[in-house]
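Reviewing the structure listed below.
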Amino acid sequence: MDITFVTVNYNTKKLLQEMVSFFAGTEFPFSYSFVVVDNDSRDGSVAYLAQAPGVVPILNRENCGYGRAMNQGIAASDSRYVCILNTDLILNRAALVALWEYLESHPETGLACPLICDPGTLKPQNFIFHESLLEHYVETVSRSRARALRRQMVEAREPFPVQGVMGSFMILRRSLIGEEGLFDEDFIFYYEDTDLAHRLKARGVRCMVLPEHQIVHLGGQSSSNLSSLQVFLNSRHRYLMKHFGVRHTRNILCMVWWRTWIGLQKYRTKAVLLRRDSDKKKLAFMQRNCGELGRLIAGTR
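UniProt numbering puts the first residue of the sequence shown at 1, with every later residue one more than the last.
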């Protein structure tokens, strides 16, 4: 088997149906399997998977998180390559074939991806990863480097190396995956791709972007509810602790808290003067953000 495509589904039946239809109606020059790990969906996905053509289903009785579910899907196959993909992607044959051909002809490359683009605008949203602590301490440096890399993505005409890629889509060699799995299962959601990028970079794995090919990602908009905020901040805290230790984690979170508190004062003033619902919602979100950050800072030891 050449490639195993693995996706995790949680209540995205319509998107899953479109992806199944894409694979069922497309011929490829490589052999492949399509594994769908369902995390206890309640939208009819389980019944659909029971009769979906060309799918290897894995049905979990609970939502065990993205990383663990992905590891389940990867372990269920023995292909030479593994393709990690979200259900909210618009795939195209040309990109998948090009990525496979590139890895076949470039054995020094461990992982590859196309440009991951927003719908409509086709602006690249590829994950920006840098292992440097400076990125976390100085926000302007992070933003400057991100802008430079995005310009490179738009202007590039040939494959170029990056330090990491988005967890929404990648193709990598199975030889890179250890017995413990690809993703750290302690990351329930968010930062699992950041952690993976950090570990692959430390191992010297070559990651390449093929800018002449694009895949559209329909998602990418984070929720503003408290539970999602808690999960995001908890995952960020776990990542910082794992790779940078207690002192840097506390310092970085304190700086983030301070920037958030300054922004909170701005929206507090706007909410009083302008009385717009949007400002009030932003104010409430930032208040929760400050509270969650304070909780994490107090518990960092």
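Glycine is no exception: its CB is placed at the ideal position from the N, C-alpha and C atoms.
It should be emphasised that the depicted structure is a prediction, and the values quoted were computed from it without experimental measurement.
(request) Answer yes or no: do V216 and C117 have a C-beta to C-beta separation smaller than 9 angstroms? (result) Taking the sequence shown and counting its residues from 1, one reaches residue 216 at position 216. Taking the sequence shown and counting its residues from 1, one reaches residue 117 at position 117. Going by C-beta atoms, V216 is nearer than 9 angstroms to C117.
(request) Return helix, strand or coil for V56, following the three-state DSSP convention. (result) Mapped onto the sequence shown, residue 56 falls at position 56. Reduced to three states, the DSSP call for V56 is strand.
(message) Does residue 304 pass the burial test, meaning 16 or more other C-beta atoms within 10 Å, or should it be called exposed?
(response) No statement about residue 304 is possible, as the shown extent of the chain runs from 1 to 301 and does not include it.
(message) Measuring alpha carbon to alpha carbon, tell me which residue in G67, I90, V56 is nearest A76.
(response) Indexing the sequence shown from 1 puts residue 76 at position 76. Considering only alpha carbons, the answer is V56.
(request) Would you please state the rounded distance, in angstroms, between the beta carbons of E131 and S142? I believe it to be under 8 angstroms. (result) For the purposes of this step, residue 131 is taken as the residue at position 131 of the sequence shown. For the purposes of this step, residue 142 is taken as the residue at position 142 of the sequence shown. Incorrect: roughly 12 angstroms between the Cβ atoms, too far for contact.
(message) Using only CA atoms, which one of R259, K280, D277, S31 lies nearest to F5?
(response) As a working mapping, residue 5 is identified with position 5 in the sequence shown. Here the closest residue by C-alpha is S31.
(request) Would you kindly work out how many angstroms separate the C-alpha atoms of C113 and H243, rounded to a whole number? (result) Locating residue 113 in the sequence shown gives position 113, counting from the first residue. Locating residue 243 in the sequence shown gives position 243, counting from the first residue. Cα to Cα, C113 sits roughly 25 angstroms from H243.
(message) Whole angstroms are fine: how far does the CA of P119 sit from the CA of P107?
(response) Residue 107 sits at position 107 when you count from the first residue of the sequence shown. Residue 119 sits at position 119 when you count from the first residue of the sequence shown. Taking the straight line from one Cα to the other gives about 32 angstroms.
(message) Using 8 angstroms as the cut-off, can you tell me whether the stretch 254-264 makes contact with the stretch 185-204, which would need three or more C-beta pairs spanning the two stretches below that distance?
(response) No: fewer than three Cβ pairs fall under 8 angstroms.
(request) Give a yes or no on whether the C-beta atoms belonging to H248 and L133 are separated by under 9 angstroms. (result) Here residue 248 refers to the residue found at position 248 of the sequence shown. Here residue 133 refers to the residue found at position 133 of the sequence shown. Their beta carbons are under 9 angstroms apart, which means H248 touches L133 by this criterion.
(message) Below 8 angstroms on the Cβ atoms is my contact criterion, and I expect M153 with I84 to pass it. Report the Cβ-Cβ distance as a whole number of Å.
(response) Looking up residue 153 in the sequence shown gives position 153. Looking up residue 84 in the sequence shown gives position 84. That belief does not hold up - the Cβ atoms of M153 and I84 are roughly 20 angstroms apart, past 8 angstroms.
(request) Could you tell me whether the Cβ atoms of I74 and R151 are closer together than 9 angstroms? (result) One-based indexing of the sequence shown puts residue 74 at position 74. One-based indexing of the sequence shown puts residue 151 at position 151. Taking 9 angstroms as the Cβ cut-off, I74 and R151 do not qualify as a contacting pair.
(request) Go ahead and label V82 buried or exposed: buried means 16 or more other beta carbons lie within 10 angstroms of its beta carbon, across all protein chains shown. (result) As a position in the sequence shown, residue 82 is number 82, starting the count at 1. Buried, since its Cβ has 16 or more Cβ neighbours within 10 Å.
(request) Name the residue from E62, L296, P124 whose alpha carbon lies nearest to the alpha carbon of E155. (result) The sequence position of residue 155 within the sequence shown is 155, counting from 1. Residue P124 is the option with its Cα nearest to E155.
(message) Please classify M19 as buried or exposed, where buried requires at least 16 neighbouring CB atoms within 10 angstroms.
(response) As a working note, residue 19 is residue 19 in the sequence shown. When all chains shown are included, M19 counts as buried.
(message) I need the straight-line Cα distance from Q214 to L115, nearest angstrom please.
(response) In the sequence shown, residue 214 corresponds to position 214, counting from 1. In the sequence shown, residue 115 corresponds to position 115, counting from 1. Straight-line Cα distance between these residues: approximately 5 angstroms.
(message) Here's the rule: buried if 16 or more other CB atoms are within 10 angstroms of the residue's CB, otherwise exposed. What is V272?
(response) For this step, residue 272 is matched to residue 272 along the sequence shown. Counting Cβ neighbours within 10 Å, V272 comes out exposed, since fewer than 16 surround it.
(request) Indicate, with yes or no, if the ligand NAP has a heavy atom lying under 8 angstroms from the CB of D193. (result) Judged by which ligands are present, the structure shown has none, so any question about the ligand NAP falls away.
(request) Use the C-beta contact count for E192: other C-beta atoms within 10 angstroms, 16 or more gives buried, fewer gives exposed. (result) As a first step, residue 192 is located in the sequence shown; it is residue number 192 there, counting from the start. Answer is buried; the Cβ neighbour count reaches 16.
(request) Classify residue 359 as helix, strand or coil using the three-state DSSP reduction. (result) Residue 359 is absent from the structure shown; the chain starts at 1 and stops at 301.
(request) Out of A69, L176, E158, G181, state which residue places its alpha-carbon closest to the alpha-carbon of P211. (result) By one-based count along the sequence shown, residue 211 stands at place 211. Among A69, L176, E158, G181, the Cα nearest to that of P211 belongs to E158.
(request) Count the other C-beta atoms from every protein chain shown that fall within 10 angstroms of the C-beta of L293, then say buried if there are 16 or more, exposed otherwise. (result) Here the question's residue 293 lines up with position 293 in the sequence shown. Per the 10 Å Cβ criterion, buried.
(request) Would you kindly report the start and end of the unbroken alpha helix (DSSP H) that includes I297? (result) Looking up residue 297 in the sequence shown gives position 297. Residues 277-299.
(request) Rounded to whole angstroms, what's the CA-CA distance from S223 to G181? Just pull it up for me. (result) Here residue 223 refers to the residue found at position 223 of the sequence shown. Here residue 181 refers to the residue found at position 181 of the sequence shown. With a pLDDT of only 39 at S223, under 50, the local geometry of the prediction cannot be trusted, and no value is derived from it.
(request) Assign Q221 to buried or exposed, taking buried as 16 or more other Cβ atoms, counted over all protein chains shown, within 10 Å of its Cβ. (result) Reading the sequence shown from its first residue, position 221 is the one you call residue 221. Annotation note: pLDDT 35 at Q221 (below 50); position unreliable, no value reported.
(message) As a quick exercise: from I297, P53, K282, S228, pick the residue whose alpha carbon is nearest that of M255.
(response) Looking up residue 255 in the sequence shown gives position 255. Measuring from the Cα of M255, the nearest candidate turns out to be I297.
(request) Please work out which residues of its chain come closer than 6 angstroms, Cβ to Cβ, to E185, disregarding the five sequence neighbours upstream and downstream, and give them in chain order. (result) Position 185 of the sequence shown, counted from the first residue, corresponds to residue 185. These residues qualify, in order along the chain: G67, R68.
(request) Please classify Y137: is it buried, with 16 or more other beta-carbons within 10 angstroms of its beta-carbon, or exposed? (result) To locate residue 137, count along the sequence shown from 1; it is residue 137. Under this definition Y137 is an exposed residue.
(message) Residues in the same chain with beta-carbon distance under 8 angstroms from E139, minus the five sequence neighbours each way, listed in chain order, please.
(response) Position 139 of the sequence shown holds residue 139. Closer than 8 angstroms at Cβ, skipping near neighbours: R259.
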